[in-house]
Amino acid sequence: MSYSIAEAARRSGLSIDTLRYYERIKLLDPPARDAAGRRAYSDDDLGWLGFLTKLRTTGMPIKSMREYASLRRHGVASAGRRKALLVEQRRSVAERIAELQGCLDVLDYKIENYAQVERKVLGVEPGMEEISA
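Heads up: take any position in the sequence shown, counting from 1, add 12, and you land on the numbering used here.
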């Protein structure tokens, strides 16, 4: 199956400009071309774009993504280095999750504190707010 650049953009959730940019900086190999010379993206291209999107979502820098993409072109010989890049990114994501969990804990504490204040001010006993809702 092949997809036009517009369809690839729609399916990947990336803009046409981003697809061209990824190609220009060598994150994405140049896609095949159709008979008219237009880009024709494959299902494999879309799968790779999905993976790149996940890497960006994790906060992986473009420089590291470019290294990973370059290594990918070398096949299994580069598996160790690619794994190392992913292990490092996983560590970074785990740290960020822990940081966000701490933020969530603070928010939960503050929300519960305000709920207690409201109950005092309104004279509502714990559990009563559910009954009146």
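The C-beta atom is built at its ideal place from N, Cα and C for all residues, glycine as well.
Note that the coordinates shown come from a computational prediction; the quantities given were computed from them, not determined experimentally.
1. Determine the contact status of residue 44 and residue 36, defining contact as a CB-CB distance below 9 angstroms.
2. Mind checking residue 72: buried by the 16 CB within 10 Å criterion, or exposed?
3. Taking the C-alpha atoms as reference points, what is the distance between residue 49 and residue 40?
4. Under the three-state reduction of DSSP, which class applies to residue 44: helix, strand or coil?
5. To the nearest angstrom, report how far apart residue 3 and residue 112 are at their CA atoms.
6. Answer yes if the region 64 to 83 comes into contact with the region 112 to 129, meaning at least three C-beta pairs across the two stretches below 8 angstroms, and no otherwise.
7. Exposed or buried, which one is residue 104 when buried takes at least 16 other CB atoms within 10 Å?
8. Roughly how many angstroms lie between the CA atoms of residue 118 and residue 66, to the nearest whole one?
9. To which residues of the same chain is residue 102 closer than 7 angstroms at the C-beta, ignoring the five residues directly before and after it?
10. Give me the Cβ distance between residue 82 and residue 38, rounded to the nearest whole Å; I'm assuming they're in contact under 8 angstroms.
11. Within the region 22 to 108, note down every full alpha helix (DSSP H) run reaching 4 residues or more, in order along the chain.
12. Thinking just about the alpha-carbon of each residue, which of 121, 64 and 68 is nearest to the one in residue 84?
Well, looking at it:
1. Working through the sequence shown from its first residue, we reach residue 44 at position 32. Working through the sequence shown from its first residue, we reach residue 36 at position 24. Judged by their CB atoms, residue 44 and residue 36 are not nearer to each other than the 9 angstroms cut-off.
2. Locating residue 72 in the sequence shown gives position 60, where the first residue counts as 1. Per the 10 Å Cβ criterion, buried.
3. Here residue 49 is taken as the residue at index 37 of the sequence shown, counted from 1. Here residue 40 is taken as the residue at index 28 of the sequence shown, counted from 1. The alpha-carbon atoms of residue 49 and residue 40 are separated by roughly 18 angstroms.
4. As a first step, residue 44 must be located in the sequence shown, where it is residue number 32. If DSSP states are grouped into helix, strand and coil, residue 44 belongs with the strands.
5. Absent from the structure is residue 3, since the part of the chain shown begins at 13 and ends at 145.
6. no
7. Against the sequence shown, residue 104 aligns to sequence position 92. Exposed, since its Cβ has fewer than 16 Cβ neighbours within 10 Å.
8. Here residue 118 corresponds to residue number 106 of the sequence shown, with the count starting at 1. Here residue 66 corresponds to residue number 54 of the sequence shown, with the count starting at 1. If I take the Cα positions, the gap works out to 28 angstroms.
9. For the purposes of this step, residue 102 is identified with residue 90 of the sequence shown, where counting begins at 1. Non-local C-beta neighbours of residue 102 in its own chain, meaning closer than 7 angstroms and more than five positions away in sequence, are absent.
10. Translated into the one-based positions of the sequence shown, residue 82 becomes position 70. Translated into the one-based positions of the sequence shown, residue 38 becomes position 26. Right, the Cβ-Cβ distance comes to about 7 angstroms (below 8 angstroms), so this counts as a contact.
11. Unbroken alpha helix (DSSP H) runs of no fewer than 4 residues, entirely contained in the region 22 to 108, are found at 28 to 36, 55 to 69 and 74 to 84, following chain order.
12. Mapped onto the sequence shown, residue 84 falls at position 72. Closest option to residue 84, Cα to Cα, is 64.
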